[in-house]
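Participant: The sequence shown begins at 22 in this note's numbering and counts up one residue at a time.
Right, I'll just put the structure down here and ask away after.
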Amino acid sequence: MIELRENILDTDTYLKLRESVRWKKLSLNQAENAIKRSLFTVVAYMDGEPVGMGRIVGDGVVIDYIQDLVVKPDVQKSGIGKLVLKRLIEYVKETKEPDTEIMLCLMCAKGREEFYKKFDFIARPTDTLGPGMIQYL
């Protein structure tokens, strides 16, 4: 059984889950501040062990981002990512200002586009939206 816990993400869990998918190593200070500055976090537990997580970052009124959606490789394709993503989307819908629209964005790993399209995310570029861009500083 999968249990989702909200806003309890700790630094150790965050770093271990990131490491499980071989993401860029962060300093302890980076990890602590990333968690602290998140609008919302959700951690998925299986048999009491953290196996996935996701964060929402942004301003909460005009634009939010799904950040760090991670599922440990040994439990991927078991529905955990879907549960985490659905809860992140629900959070944004619940907290957006009434009668307004908010942009919910993400940058997915190469090859993961189809997963997000199932949740109505639009892959860029399109005829009207240019490509997403990034700069590492």
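Where a beta carbon is used, it is the ideal one built from N, C-alpha and C, also for glycine.
For residue 67 versus residue 30, is the C-beta distance shorter than 8 Å?
Facilitator: Their beta carbons are not under 8 Å apart, which means residue 67 does not touch residue 30 by this criterion.
Participant: What are the boundary residues of the alpha helix (DSSP H) that includes residue 135?
Facilitator: Counting along the chain, the alpha helix (DSSP H) containing residue 135 begins and ends at 134-138.
Participant: Sort 86, 143, 50 by Cα distance to residue 60 and report the nearest one.
Facilitator: That would be 86, whose Cα lies nearest to the Cα of residue 60.
Participant: Considering only residues of the same chain and omitting the five flanking positions on each side of residue 107, which have a CB-CB separation below 8 Å?
Facilitator: So the list reads 140, once near-sequence residues are dropped.
Participant: At what residues does the alpha helix (DSSP H) containing residue 118 begin and finish?
Facilitator: It is not in any alpha helix (DSSP H) - residue 118 carries neither H nor E in the DSSP assignment.
Participant: Helix or strand or just coil, what does DSSP make of residue 90?
Facilitator: Three-state DSSP puts residue 90 in a strand.
Participant: Pick out the complete alpha helix (DSSP H) segments inside the segment 44-85, 4 residues or longer, and give them in chain order.
Facilitator: Whole alpha helix (DSSP H) segments, 4+ residues: 49-57.
Participant: Quick check: the segment 91-100 against the segment 135-150, are there 3 or more CB pairs under 8 Å?
Facilitator: Taking 8 Å as the limit for Cβ pairs, the verdict is that the segment 135-150 does not touch the segment 91-100.
Participant: What distance in whole Å lies between the Cβ atoms of residue 136 and residue 102, which are believed to be in contact at a cut-off of 8 Å?
Facilitator: With a Cβ gap of about 7 Å, residue 102 and residue 136 count as contacting.
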